[in-house]
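S.K.: The structure that follows is given in the form of structure tokens.
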Amino acid sequence: MSDTSSLDALIQALRRLPGVGVKSAQRMAFHLLQHDREGAQVLSRTLAQAASSVRHCERCHTFTEGAVCEVCLDPGRDATRLAVVETPADQSAMERTGAFKGLYFVLMGRLSPLDGVGPRDIGVHKLLERASDGVVQEVILATSFTAEGEATAHAIGEALKRRGVHVTRLARGVPVGSELEYVDLGTIAHALADRR
Ligand SMILES: [Zn+2]
């Protein structure tokens with residue numbers, strides 16, 4: 370009988386990843402140990418490095434290795450506009466359009482009462498503080514157009530309006546090239562409401 374306690378520990382650790390069950394965790398562990406020891410070392414090193422050095426920007430909450438991220442430090446950005454996005458990936462997507470020159474607040478999630486994610490978990494209190502700095506003139510809600518994203522935008526928008534902050538919602542339409550019957554009803558409803 371072989372001693373595999375390290376292997377078991379690895380499989381248990383991999384199972385912490387979202388969407389990874391015991392079968393997938395076993396597959397990953399066997400792959401690394403059987404076929405890619407070098408990859409296993411790289412993964413181990415970079416994971417330890419990132420886990421100890423990556424933190425949240427004090428101003429916008431996105432991932433950064435300094436106290437404040439590069440976007441927040443950039444004097445060329447329009448500090449009067451603040452876009453609220455769900456994830457760093459959404460922020461990157463907006464950056465890629467090149468159409469937004471303002472600053473961001475990254476929620477690092479969205480409201481999801483069923484999963485126990487409430488306003489504090491997505492930093493709404495920090496956002497309210499951030500948006501009331503006297504410089505921000507417009508907050509653009511750029512959360513996703515899913516039910517949870519819409520609920521998040523609504524809740525944040527109401528809280529900001531109570532503080533007298535000017536709030537707008539990212540415009541959207543039915544995706545180009547998609548058959549109407551395959552587009553979710555929420556999107557169609559919004560597209561209708563926004564018709565010109
Ligand atoms: Zn930042």
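For the sequence shown, this note's numbering gives the first residue as 370, with consecutive numbering after it. Note that beta-carbon positions come from the ideal geometry of N, C-alpha and C, so glycine has one too. All figures in this text were calculated on a predicted structure; none of them were measured in a lab.
So, with DSSP's three-state summary, where would you put R565?
M.R.: Numbered from its first residue, the sequence shown carries residue 565 at position 196. With a pLDDT of 37 at R565, under the threshold of 50, the modelled position of that residue is not reliable, and the figure given next carries that caveat. Looking at R565 - three-state DSSP - the assignment turns out to be coil, as it is neither helix nor strand.
S.K.: If I measure Cβ to Cβ from R564 and keep anything under 8 angstroms in the same chain, skipping five residues before and after, which residues do I get?
M.R.: Walking along the sequence shown from the start, residue 564 turns up at place 195. In this prediction, R564 has a pLDDT of 42, which is less than 50 and means its spatial position is unreliable; what the coordinates show is noted afterwards. None.
S.K.: Let me confirm a value: V504 is counted as buried when at least 16 other C-beta atoms fall within 10 Å, else exposed. Which label applies?
M.R.: For the purposes of this step, residue 504 is taken as residue 135 along the sequence shown, with counting starting at 1. With fewer than 16 other Cβ atoms within 10 Å, it is exposed.
S.K.: CB I509 to CB L472, shorter than 8 angstroms?
M.R.: Residue mapping note: residue 509 aligns to position 140 of the sequence shown, counting from 1. Residue mapping note: residue 472 aligns to position 103 of the sequence shown, counting from 1. Result no, Cβ atoms of I509 and L472 do not sit closer than 8 angstroms.
S.K.: Could you give the distance in angstroms between the alpha-carbon of A398 and the alpha-carbon of A500?
M.R.: Position 29 of the sequence shown holds residue 398. Position 131 of the sequence shown holds residue 500. Distance between the alpha carbons of A398 and A500: 45 angstroms.
S.K.: Keeping to the same chain, check which residues put their C-beta closer than 8 angstroms to that of L376; ignore five residues upstream and five downstream.
M.R.: Here residue 376 refers to the residue found at position 7 when the sequence shown is read from its first residue. Around L376: A398 and L402.
S.K.: Would F455 be called buried (16 or more neighbouring beta carbons within 10 Å of its own) or exposed?
M.R.: As a first step, residue 455 is located in the sequence shown; it is residue number 86 there, counting from the start. Note on identity: in this sequence residue 455 is Glu, with Phe being the wrong assignment. E455 is buried by the Cβ-count criterion.
S.K.: Using the Cα positions of R479 and Q506, report the straight-line distance between them to the nearest angstrom.
M.R.: Reading the sequence shown from its first residue, position 110 is the one you call residue 479. Reading the sequence shown from its first residue, position 137 is the one you call residue 506. So the alpha carbons of these two residues sit roughly 23 angstroms apart.
S.K.: Mind pulling the beta strand (DSSP E) runs of 3 or more residues that sit fully within the segment 452–501?
M.R.: With a minimum length of 3 residues, the continuous beta strand (DSSP E) runs that stay inside the segment 452–501 are 471–475.
S.K.: Given that a residue counts as buried once 16 or more other Cβ atoms are within 10 Å of its Cβ, and exposed if not, what is V391?
M.R.: Mapped onto the sequence shown, residue 391 falls at position 22. Per the 10 Å Cβ criterion, exposed.
S.K.: Could you pull the DSSP bridge partners for V536 from this structure?
M.R.: The residue you call residue 536 lines up with position 167 of the sequence shown. Note: V536 sits in a beta bridge opposite V508.
S.K.: Taking 7 angstroms as the cut-off, is the beta-carbon of V437 closer than that to any non-hydrogen atom of ligand 1?
M.R.: One-based indexing of the sequence shown puts residue 437 at position 68. Correct: V437 has its Cβ closer than 7 angstroms to ligand 1.
S.K.: Just list the alpha helix (DSSP H) runs in the segment 374–437, keeping only unbroken ones of 4 residues or longer that don't cross its boundaries, in chain order.
M.R.: Complete alpha helix (DSSP H) runs here, min 4: 374–383, 391–404 and 406–422.
S.K.: Just to confirm, are M477 and A511 a CB contact at a threshold of 8 angstroms?
M.R.: In the sequence shown, counting from the first residue as 1, residue 477 sits at position 108. In the sequence shown, counting from the first residue as 1, residue 511 sits at position 142. No, the pair does not count as a contact, with Cβ atoms beyond the cut-off.
S.K.: Around the Cβ of A378, are there at least 16 other Cβ atoms within 10 angstroms (buried) or fewer (exposed)?
M.R.: Position 9 of the sequence shown, counted from the first residue, corresponds to residue 378. With fewer than 16 other Cβ atoms within 10 Å, it is exposed.
S.K.: For V536, which residues from the same chain have a beta carbon less than 7 angstroms from its beta carbon, with the 5 sequence-adjacent residues on both sides left out?
M.R.: The residue labelled residue 536 in the question sits at position 167 within the sequence shown. Correct list, in chain order: V508, L510, G526, L529 and K530.
S.K.: Considering Cα atoms alone, identify which of R406, D405, V453 and A520 is closest to L496.
M.R.: Reading the sequence shown from its first residue, position 127 is the one you call residue 496. The option with the nearest alpha carbon to L496 is V453.
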